[in-house]
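Structure record follows, encoded as structure tokens.
Number of protein chains: 2
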Amino acid sequence: MSYTAEILCVGTELLLGEILNTDAQFLCQELSALGINVYYQTVVGDNPERLERAVELAKSRSDILITTGGLGPTCDDLTKQTLARAFGKKLVFDPVSAQRIRDYFERRLHTGQMPENNLQQAMLPEGCVILQNDWGTAPGCIFESEGRHVVMLPGPPSECRPMFTHRVAPYLQALSGEVILSRSLRVFGMGESAVEQLFRARMDALTNPTLAPYAKTGEVELRITAKAADEAEARALIAPVEAEVRAKLGDLVYGADVSSLEEVVLAELRAKGLTLSCAESCTGGLIAKRLTDLPGASAVFKGGAVTYWSQAKAALLGVPQELLDQYGAVSREVAVAMAEGARRAFDSDLAVATTGVAGPDPDDRGNPVGLVFIALSTPQGTFCRRADRSMTRERVRVCAAHHAFDLLRRHLGGLPLELNLVF
Amino acid sequence: MSYTAEILCVGTELLLGEILNTDAQFLCQELSALGINVYYQTVVGDNPERLERAVELAKSRSDILITTGGLGPTCDDLTKQTLARAFGKKLVFDPVSAQRIRDYFERRLHTGQMPENNLQQAMLPEGCVILQNDWGTAPGCIFESEGRHVVMLPGPPSECRPMFTHRVAPYLQALSGEVILSRSLRVFGMGESAVEQLFRARMDALTNPTLAPYAKTGEVELRITAKAADEAEARALIAPVEAEVRAKLGDLVYGADVSSLEEVVLAELRAKGLTLSCAESCTGGLIAKRLTDLPGASAVFKGGAVTYWSQAKAALLGVPQELLDQYGAVSREVAVAMAEGARRAFDSDLAVATTGVAGPDPDDRGNPVGLVFIALSTPQGTFCRRADRSMTRERVRVCAAHHAFDLLRRHLGGLPLELNLVF
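Listed in order, the protein sequences are those of chains A and B.
Just so you know, this note's numbering puts 314 at position 314 of the first sequence, and the rest follows in order with no gaps.
Just remember that this note's numbering sits 423 ahead of the position in the second sequence, which is counted from 1.
Shown next as structure tokens:
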């Protein structure tokens, strides 16, 4: 059967706009991947009456109620108190949870002094499944009552996310008696609406597995989700749809179940034992920053030169002044010289370079916002790609960095470096 | 009088987790700054029945209902249809809006071919205030009915935000007959809980103006908000509280109504006509990236060297190999040599440098995660600050960049460079 869920986030800080509700997006994504329909998502403050009204409403219209927040001592354990009352359950002391909370504070505080009010977190609804919290102090819980499944999770995303993934998702899967499996294909080189147009008919026709697009800045994720009796069967359902997507998109698909182009590039560089450097003008450090966001980047990334001024392009990368004078800093010739200069200066196997107009204004030679040259230098020669889509400053920069990583992953994978963007 | 508002976000893409609900946070913040209480925030999908039920509920309990999304042709103008019906209003054709929509497509498409269904966006509730959309096609609207104020805004944040700021906020202010003014003080060098502790009693005691803290990664924002009959009176209410905060925090306050440390640094550099460069190891391009996120950075920022490998520190910045051998890459000596090397290589007036252990693992000399040296080189000499707080990789990097900008703004402002962080 198909279940409906409702998400209820508790916290005055959410209603004051002090924090962004990333828990809600995460839970919506995960529930959708589990094949559970979410029809409502509500936020209420730390107020017992309003929370109670929201719970009564949820009880009347949804099979599964998932709450986030309101479990800690600072809010008097509002959520547990209110939900236990709404479903006629008593809170009982759980000595195992209490010991875990004591241990947590001992490890953290060294002094061993724990504010006693923390122990109220060990009071849990009678007969519930306790969700052990290995990422913080407040345990979560699940109980079934009046035909409803009630799940309570802590609010901090660093606790809510792993608690859902490791404790709640298996429970919800068991509920449906099915296995739900997703596979995410990442696409660079075709815009969201073109992808949508290409697959619209198939997306509408498919029911198991489903196929859904998620737009990211400058790229698209296509997620295939299957329900089946076991994992092997789910995989078997996904495989032909994945093959179909790959047949249509070819090498625009840069990876499956990966999180970014740079992750793919870094893994390939490590596998091949190659080193990398970069030279950045319009991206201004973004390529280096994205690479070094990843732990382990130091194994292959030697460094980069952010040469914002022409003077720096000449001084650090040896770009000839004649090139800068003749073609201007935003040119194919300078991009190539920057990439080759970086490879020389850093003594790396490969190097990428960007030069372009990020905006908001055209450059002093009248080059328009969005014009970017992206070069890749290898022992076999240097290749340069041109992008010229007018966008906001942020998007121009993000997409220029995407192009640099795309050139790298194509070179490393032995694919053609040319790319005709489709929008 | 004090109004209560309720936010109703319409969009199946929100319930699927395809997009993050940043509109809700923005509106909560802005409404709170206007002194309007938000008690509920709800998300429903593109479904007329569920939207209608949510509207009925909102009508029964809130003075102001603000919707986002569901205004475009792809969802059959769901929100306008449903709200007009719920409040017994007809939709009437507005020729001015229709012409604006036609013009918008003509400018964008050049071909002048506009899908005709776009014109339904020009159907608006009778007697409403039309909110002209200068940032997209769908106009918003406000109407008053049955003692309720209903506000409809488009969903895309790039339209929702300016529409609220320029069209809705003045309407809501006029409603209360008061002026509400906020002033935001930005603080670096004291943790959120220390700031909270320092001002807790005052925050609880103050009612007009109010004082509220907002935590950001590695810094804190303190917002003072006053209600008054006019702007001058509101300013007069804010001034003594601002003076009080500044007296307690001293030079930890780095700016008022600014958005980041780098914005302050960039403005100061421009005002003084000074140039800057940087040398980054553990921050890996983040300092350069943050500077070049800002339009106009090229006026003062010459460039940076991301010297991830020791070899690059020697080759690009001239850091002596003996220093690297004797003290290791993560040392005061190397940070100083990097900053001085960058100032030389880029021929800039000032330079900052970072070297440290971002994690997740200690470095090969056993230096712990979080140990970072941040140096500033000036014509008067070089200063180095040490930070050693163990945090996640991301936080270590963000805070190291904060330190670099903090050194710069202190130098530019003639303030002491020493800083004892308080948590």
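All C-beta atoms, glycine included, are put in the ideal place defined by N, C-alpha and C.
- Under the three-state reduction of DSSP, Met613 (chain B) is assigned to strand.
- Residue contact check for Phe301 (chain A) against chain B: a CB pair falls below 8 angstroms.
- Residue state for Ser331 (chain A) is assigned as coil, using DSSP reduced to three classes.
- Contact of Thr490 (chain B) with chain A is not assigned, every C-beta pair being separated by 8 angstroms or more.
- Taking 8 angstroms as the threshold, the shortest C-beta distance from Leu222 (chain A) to chain B does not fall below it.
- Annotation: Cβ neighbours of Val44 (chain A) in chain B (cutoff 9 angstroms, chain order): Tyr462, Tyr463 and Gln464.
- Counted as a single uninterrupted DSSP element, the beta strand (DSSP E) harbouring His572 (chain B) occupies residues Arg571 to Leu576.
- At a Cβ-Cβ threshold of 8 angstroms, Gly600 (chain B) and Ala312 (chain A) do not count as neighbours.
- Not a single C-beta of chain A is nearer than 8 angstroms to the C-beta of Thr640 (chain B).
- Secondary structure at Gly318 (chain A): coil, using DSSP grouped into helix, strand and coil.
- Chain order gives no chain A residues near Cys822 (chain B), where near means a beta carbon separation below 7 angstroms; the closest approach is about 15 angstroms.
- In the displayed model, Ser145 (chain A) falls within a strand according to three-state DSSP.
- For the segment 483-516 of chain B, the continuous alpha helix (DSSP H) assignments of 4+ residues that do not extend past its boundaries occur at 501-509, in sequence order.
- Look at Leu439 (chain B): its C-beta is under 8 angstroms from a C-beta on chain A.
- As the crow flies, the alpha-carbon of Val681 (chain B) is around 20 angstroms from that of Ala823 (chain B).
- Among the bridge pairs identified by DSSP, Thr640 (chain B) is matched with none.
- For Ser277 (chain A), the enclosing beta strand (DSSP E) begins and ends at Leu276 to Glu280.
- In the DSSP secondary-structure assignment, Thr778 (chain B) is bridged to B:Phe796.
- Any Cβ of chain B closer than 8 angstroms to the Cβ of Trp135 (chain A) would place that residue at the interface, and such an atom is absent.
- If you draw a 10 Å sphere on the C-beta of Asn133 (chain A), you find 16 or more other C-beta atoms in it, and that means buried.
- With a cut-off of 8 angstroms on Cβ pairs, the segment 579-594 of chain B is in contact with the segment 433-453 of chain B, counting three or more such pairs.
- In this structure, the CA atom of Thr275 (chain A) is about 13 angstroms from the CA atom of His411 (chain A).
- Put simply, the CB of Cys160 (chain A) is far from chain B, with every gap to its CB atoms at 8 angstroms or more.
- The straight-line gap separating the alpha-carbon atoms of Pro139 (chain A) and Val467 (chain B) is approximately 29 angstroms.
- If you look at Pro125 (chain A), you'll find it in the beta strand (DSSP E) that goes Met123 to Pro125.
- Per DSSP, Leu27 (chain A) is one residue of the alpha helix (DSSP H) stretching across Thr22 to Ala33.
- Within the same chain, Gly328 and Val330 come within 8 angstroms of Arg365 (chain A) by CB-CB distance, once the 5 residues on both sides are set aside.
- Those residues of the segment 724-758 of chain B placed with their C-beta closer than 9 angstroms to a C-beta in chain A are Phe724, Lys725, Gly726, Gly727, Ala728, Val729, Thr730, Tyr731, Trp732, Gln734, Ala735, Lys736, Ala738 and Leu739, ordered along the chain.
- Residue-level contact check: Thr355 (chain A) does not touch chain B, since none of the beta carbons of chain B fall below 8 angstroms from its beta carbon.
- Using a Cβ-Cβ cut-off of 9 angstroms, Pro295 (chain A) is close to Ala781, Gly782, Pro783, Asp784 and Arg816 of chain B, given in chain order.
- Between Leu249 (chain A) and Met190 (chain A), the gap from beta carbon to beta carbon is short of 8 angstroms.
- Boundaries of the alpha helix (DSSP H) around Ile661 (chain B): Glu654 to Leu672.
- Taking all protein chains shown into account, Gln121 (chain A) has 16 or more neighbouring C-beta atoms within 10 Å of its C-beta and is therefore buried.
- Among the CB atoms of chain A, none fall inside 8 angstroms of the CB of Gly793 (chain B).
- Of the residues assessed, Val515 (chain B) falls on the exposed side of the cut-off, its CB having fewer than 16 other CB atoms within 10 angstroms.
- Boundaries of the alpha helix (DSSP H) around Thr12 (chain A): Thr12 to Leu15.
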